[in-house]
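Heads up: the structure comes next, in structure tokens.
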Ligand code: NDP
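In UniProt numbering, the protein residues as written are 1 to 249.
The structure is reproduced here in structure tokens:
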């Protein structure tokens, strides 16, 4: 199913790799104009910029750390200068680490909460003046937030809080015609799997696959589709929801 986003102006955080890259490219191919950001300069940024040149529309790949309030302010200033308005925001940028709770340093707790949760507060608040009636915010959560995952208490705490933020904002911003939803991925196969030793990647694939009804991991494209649906007018009466995209975990 193809979802039309013609003429929509979107901001997607963390678009240089993985799920964010998939969302940016799918949205551009569906006719949207997209600004995306990344924290680090890398070959992935050049690769995304090259791929975007093959799509129609007006796209911009900018460096901005969503963990830094001043950089988010600057990012939204650039969005305003280039687009003048926003029809959609995807809070996708995220970081993860695996640490036993008993050994979790306070700095690491704060880093994970900041990038996975507080960044969404910064981005949505700064985007609000640009978001009009019919616009849509999609927060990328995690299926693990509801299920719980050992060694990731900090990460799942941040992702679970994203649901409360989403539901409250859906009620607060609904009268202005702004929808707010969560997409909660299960295990999606990104470049992170390519970076692992082959036997570890195969082991992880097998372990996660057996937990899903579809007996496999998800792809970046299969995650982008539901995000595009929530950004599009096809979902105009859906807000405050969490859409699990997890192969039936
Ligand atoms: P990746 O690590 O592959 O990509 C993360 C992206 O976010 C990169 O583009 C990275 O760019 C960017 N990013 C990270 N920190 C910052 C920051 N401070 N400022 C700006 N950009 C930043 O992650 P995934 O694609 O796997 O995950 C994307 C989202 O989906 C995350 O929110 C994650 O928690 C969630 N998720 C993923 C799952 C999966 O199976 N992959 C499962 C459940 C949820 P750079 O490093 O260049 O800064």
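All C-beta atoms in this analysis are idealised placements derived from N, C-alpha and C, irrespective of residue type, glycine included.
- Distances between the C-beta of residue 200 and the heavy atoms of ligand 1 are all 7 angstroms or more.
- With a minimum length of 4 residues, the unbroken runs of alpha helix (DSSP H) contained wholly in the region 172-218 fall at 191-194, 198-209.
- At least one heavy atom of ligand 1 sits closer than 7 angstroms to the Cβ of residue 16.
- Residue 193 and residue 9 have their C-alpha atoms roughly 31 angstroms apart.
- Pairing residue 228 with residue 51 gives a Cβ-Cβ distance that is not under 8 angstroms.
- Within the region 106-142, the runs of beta strand (DSSP E) that reach at least 3 residues and sit entirely inside it are, in chain order, 131-140.
- Boundaries of the beta strand (DSSP E) around residue 243: 242-245.
- Counted as a single uninterrupted DSSP element, the stretch harbouring residue 9 is not any alpha helix (DSSP H) but the beta strand (DSSP E) occupying residues 9-13.
- With contacts defined as CB atoms closer than 8 angstroms, residue 162 and residue 117 qualify as a contacting pair.
- Exclusion of the five residues before and after residue 3 leaves 30, 228, 229, 232, 234 as the residues of its chain whose Cβ lies within less than 7 angstroms of its Cβ.
- Nearest neighbour of residue 58 by Cα position, chosen from 84, 38, 28, turns out to be 28.
- For residue 72, the uninterrupted alpha helix (DSSP H) segment begins and ends at 69-83.
- Judged by DSSP in its simplified three-state form, residue 151 adopts coil rather than helix or strand.
- For residue 34, the secondary structure class from DSSP, reduced to helix, strand or coil, is strand.
- Looking at the DSSP output, residue 90 shares a beta bridge with 12, 138.
- Residue 221 and residue 183 have their C-alpha atoms some 14 angstroms from each other.
- DSSP lists no bridge partner for residue 227.
- The shortest C-alpha to C-alpha distance from residue 39 to any of 13, 33, 18 is the one to 13.
- Proximity to residue 94 across 19, 210, 70, 71 peaks at 19, based on C-alpha coordinates.
- Taking non-hydrogen atoms of ligand 1 into account, the C-beta of residue 126 is found less than 7 angstroms away from none of them.
- A Cβ-Cβ separation of about 6 angstroms places residue 132 in contact with residue 85 under the 8 angstroms criterion.
- Here residue 156 is buried: its Cβ has 16 or more other Cβ atoms, across all protein chains shown, within 10 Å.
- With a cut-off of 8 angstroms on Cβ pairs, the region 71-91 is in contact with the region 124-138, counting three or more such pairs.
- Proximity of the beta carbon of residue 29 to ligand 1 is not indicated: no heavy atom of the ligand is located closer than 7 angstroms.
- Note that the region 161-181 does not touch the region 200-217; fewer than 3 beta-carbon pairs, one per stretch, sit closer than 8 angstroms.
- By the Cβ-count criterion, residue 126 is buried, with 16 or more other Cβ atoms from all chains shown falling within 10 Å of its own Cβ.
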